[in-house]
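Same order as they appear, the protein sequences are chains A and B. Numbering-wise (this note's numbering), the first sequence opens with residue 11 and increments by one. Numbering-wise (this note's numbering), the second sequence opens with residue 11 and increments by one. One structure below.
Number of protein chains: 2
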Amino acid sequence: MMFSTKAEYGVRVMVELARRAGESADGAGHVVPLAEIAEHDGMPLAYLEHLVARLRKAGLIDSRRGSRGGYMLARPAEQITAAEIVEALEGSIAPIECISQSPDGAIVCSRESDPGHICPTKLLWTKVRFAIVGALQGTTLADLVPSPVTA
Amino acid sequence: MMFSTKAEYGVRVMVELARRAGESADGAGHVVPLAEIAEHDGMPLAYLEHLVARLRKAGLIDSRRGSRGGYMLARPAEQITAAEIVEALEGSIAPIECISQSPDGAIVCSRESDPGHICPTKLLWTKVRFAIVGALQGTTLADLVPSPVTA
DNA sequence: TGATAACCTAGCTGTCAGGTAGGTATTCAG
DNA sequence: CTGAATACCTACCTGACAGCTAGGTTATCA
């Protein structure tokens with residue numbers, strides 16, 4: 011299996027935030043308590059709190075504490091990609107353990123630690139990774155909101 | 011993370027079988043004992059046996075028992091895709107638990123069990139699945155063999 | 001001042017990847 | 001015919017971790 015429910019729940023939360031932001035007259039500043047989203051989608055609130063914390067640290071959402079507090083998107087839905095959400099929750103995207111992306115952007119295979127010893131399967135996993143990242147980067151929150159903003 | 015070492019090891023075994031088949035003068039019938047591959051790639055033999063059993067049941071490799079026995083590709087390397095290998099080992103390819111492919115080929119989201127209740131994130135996971143499957147189906151064993159058959 | 005809700009830390013529990021162990025069946029070499 | 005090689009089968013073990021719960025503390029509003 012691939013992405014855990016972290017990614018699933020996280021994207022759902024983000025979509026819900028985007029949907030509610032679109033509902034309100036002024037798109038900005040629509041604060042939604044997490045409990046509402048948890049109930050709406052049938053997800054465990056206490057667990058969502060963990061995920062939302064990561065989304066906040068990644069700068070994807072803002073929060074307001076206290077009574078009438080809650081969460082809101084940090085940016086317009088069109089400017090938030092699924093890749094950012096998934097990466098914030100699951101960590102760096104890699105199709106398989108031995109493949110990762112080094113700081114300079116290159117794809118690295120841990121089986122190639124011996125110099126000169128190339129990994130014949132690296133090409134495959136690199137292609138798969140590229141395909142996944144492409145699909146995630148090519149999808150924004152706005153693409154996923156049920157009733158698109160009629161603006 | 012996404013694919014387990016099952017997929018990784020399995021692909022490596024298949025690549026090794028393809029490589030050895032290409033080495034021998036007559037491409038067909040080159041039987042390789044599993045222990046040789048295990049040692050060559052530094053993978054645990056006993057564990058590989060489990061994976062290889064799946065590959066055989068999926069019809070991707072043939073086996074010969076007894077002394078001087080071993081495994082060989084059931085088809086030419088150009089006709090075996092990475093998708094087949096991964097699917098044989100990991101089961102049906104799905105980026106996330108709630109998404110699966112029904113027998114008739116349609117993509118199904120388990121969260122949509124209530125009719126009329128659509129899942130806003132289904133589009134995303136469908137795209138990701140499509141991208142993964144495309145990358146896997148677009149790669150054959152022949153693409154992965156280190157020194158291509160000079161024929 | 002009390003209710004609301006974000007935020008934090010700790011822990012629990014079942015599942016499963018990853019691997020081991022030990023056997024049986026089959027085939028070849030000599 | 002015998003022994004070595006190798007596929008094939010079933011059962012089991014073990015640590016890690018996803019997924020979730022619990023119980024607090026802090027900030028904000030009515």
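For glycine and all other residues, C-beta sits at the position ideal for the given N, C-alpha and C. Note that the structure is a prediction, hence the values are computed from the model and not measured.
Environment of residue i [buried if 16+ CB atoms lie within 10 Å]
i	result
Ala45 (chain A)	exposed
Ala116 (chain A)	exposed
Gly69 (chain A)	exposed
Glu122 (chain A)	exposed
Gly20 (chain B)	buried
Glu18 (chain B)	buried
His127 (chain B)	exposed
Glu88 (chain A)	exposed
Pro105 (chain B)	buried
Pro156 (chain A)	exposed
Arg29 (chain A)	buried
Glu94 (chain A)	buried
Gly32 (chain A)	buried
Cβ neighbours of residue i in the same chain (closer than 6 Å, five flanking residues each side left out)
i	result
His50 (chain B)	none
Leu55 (chain B)	Ala45 and Ala48
Val23 (chain B)	Ile47
Lys132 (chain A)	Cys119
Met53 (chain A)	Tyr19
Residues sharing a beta bridge with residue i, DSSP
i	result
Thr131 (chain A)	None; Thr131 (chain A) has no bridge partner.
Thr15 (chain B)	Partner(s): none; Thr15 (chain B) has no beta bridge.
Thr149 (chain A)	Its beta-bridge partners do not exist; DSSP assigns none.
Close beta carbons around residue i, own chain, < 8 Å, minus the five adjacent residues each side
i	result
Asp36 (chain B)	Below a pLDDT of 50, predicted positions are generally treated as unreliable, and Asp36 (chain B), at 49, falls in that range; no measurement from the model is reported.
Val96 (chain A)	Phe13, Ala17, Gly20, Val21, Ile103 and Leu146
Cys129 (chain B)	Cys108, Cys119, Arg121 and Glu122
Leu58 (chain A)	Tyr19, Val23, Leu44, Ile47 and Ala48
Thr9 (chain B)	No answer is possible for residue 9 (chain B): it lies beyond the span of chain B, which begins at 11 and ends at 161.
Thr150 (chain A)	Ala87, Glu88, Gln89, Ile90, Thr91 and Ala92
Glu100 (chain A)	Phe13, Ser14, Lys16 and Ala17
Arg85 (chain B)	Leu70
Proximal residues to residue i (C-beta, below 7 Å), its chain only, five neighbours per side dropped
i	result
Ala98 (chain B)	Arg64, Leu65, Ala68 and Leu70
Arg74 (chain B)	Val41 and Gly80
Leu27 (chain A)	Val42, Ile71, Tyr81, Met82 and Leu83
Ala38 (chain A)	Here Ala38 (chain A) scores only 48 on pLDDT, less than 50, and its place in the model is too uncertain to base an answer on.
Val25 (chain B)	Leu151, Leu154 and Val155
Every unbroken beta strand (DSSP E) inside the segment 43-121 of chain B [3 residues or more] = 71-74, 80-83, 109-111 and 117-119
Cβ contact check for the segment 59-67 of chain A and the segment 103-116 of chain A: 3 or more pairs under 8 Å | no
Would you be able to state if there are at least three C-beta pairs under 8 Å between the segment 134-141 of chain A and the segment 141-155 of chain B?
-> With the cut-off at 8 Å, the segment 141-155 of chain B and the segment 134-141 of chain A touch.
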